[in-house]
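In the working numbering, the protein residues as written are 2 to 161.
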């Protein structure tokens with residue numbers, strides 16, 4: 002007899018989720034970006050998604066989370082017309098969680114009267130965003146203090 006899977010909940014994040022969000026995001030960066038980006042870029046990403054930044058998103062936008070048995074497994078945010086901080090736990094990737102969060106964020110943006118959304122796309126996520134209809138506009142990079150590069154894309158999508 003197979004165990005009954007615990008319920009999966011998609012909900013709006015709360016400030017009380019801050020530490021769990023930080024852990025989810027940093028763990029995902031550590032696993033998903035390693036081997037693609039140099040160590041200095043990984044540290045840059047983790048600093049970019051630090052507590053204060055996550056708190057700003059919680060207070061100034063819409064942050065969604067997928068939760069199962071009191072564990073956050075995916076997140077994404079909409080602040081203004083920008084989608085950011087979309088991360089899916091490595092052990093839950095390629096199961097539709099990222100796609101579902103994006104659809105809900107896009108729907109929320111449409112409800113706010115927005116006609117398009119923008120986002121920055123990391124190299125590991127390029128294929129995912131192309132597959133869900135985002136147009137990668139131009140490659141960008143940030144030069145790290147150690148001389149390494151952090152490459153990414155600017156992207157956008159017209160909301161259907």
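Just so it is clear, CB atoms sit at the ideal spot from N, CA and C, and this is done for glycine as well.
For clarity, every value in this text was computed on a predicted model and none was experimentally measured.
(message) Let me check understanding here. Comparing Cα to Cα, which of 141, 155, 142 and 148 lies closest to residue 135?
(response) When only C-alpha atoms are compared, the closest one is 155.
(message) Please give me, in chain order, every unbroken run of the beta strand (DSSP E) with length at least 3 that falls completely inside the region 27-59.
(response) The qualifying runs do not exist here; there are none.
(request) Please confirm if residue 44 has its CB atom under 7 Å from at least one CB of chain D. (result) Any reference to chain D falls outside this structure, which holds one protein chain only.
(request) Name the two residues that bound the continuous alpha helix (DSSP H) containing residue 101. (result) Where residue 101 is concerned, the enclosing alpha helix (DSSP H) stretches over 98-112.
(request) Ignore the nearest five residues each way along the sequence and tell me which others in residue 30's own chain have a CB closer than 8 Å to its CB. (result) Around residue 30, the same chain offers 43, 46, 47, 50 and 88 as residues with beta carbons nearer than 8 Å, after the five sequence neighbours per side are excluded.
(request) Please say whether residue 132 and residue 66 have beta carbons closer to each other than 7 Å? (result) Against a cut-off of 7 Å, the Cβ pair of residue 132 and residue 66 comes out as no contact.
(request) Report yes if the CB atom of residue 37 is closer than 7 Å to the CB atom of residue 124, and no otherwise. (result) In this structure, residue 37 places its C-beta atom within 7 Å of the C-beta atom of residue 124.
(request) Write down the C-beta distance between residue 7 and residue 69 rounded to the nearest angstrom, noting that I regard them as a contact closer than 8 Å. (result) That pair is a contact at about 5 Å.
(request) Keeping to the same chain, check which residues put their C-beta closer than 8 Å to that of residue 128; ignore five residues upstream and five downstream. (result) Taken in chain order, the list of residues that qualify is empty.
(request) With DSSP as the reference, label residue 147 as helix, strand or coil. (result) Secondary structure of residue 147 (DSSP, three-state): coil.
(message) So, for residue 159: in the same chain, excluding its five sequence neighbours on each side, which residues have a beta-carbon less than 6 Å away from its beta-carbon?
(response) Closer than 6 Å at Cβ, skipping near neighbours: 117.
(message) Please report the straight-line C-alpha distance between residue 119 and residue 35, rounded to a whole angstrom.
(response) About 25 Å.
(message) So, for residue 27: in the same chain, excluding its five sequence neighbours on each side, which residues have a beta-carbon less than 6 Å away from its beta-carbon?
(response) If the five residues before and after residue 27 are omitted, its C-beta is found closer than 6 Å to the C-beta atoms of 47, all from its own chain and listed in chain order.
(request) Just confirm the distance between the C-beta atoms of residue 78 and residue 84, as a whole number of angstroms; I'd bet it's less than 8 Å. (result) Going by Cβ atoms, the distance from residue 78 to residue 84 rounds to 7 Å, so yes, they are a contact pair.
(request) Report buried or exposed for residue 107, applying the criterion of at least 16 other Cβ atoms within 10 angstroms of its Cβ. (result) By the neighbour-count criterion, in which 16 or more other beta carbons inside 10 Å mark a residue as buried, residue 107 falls on the buried side.
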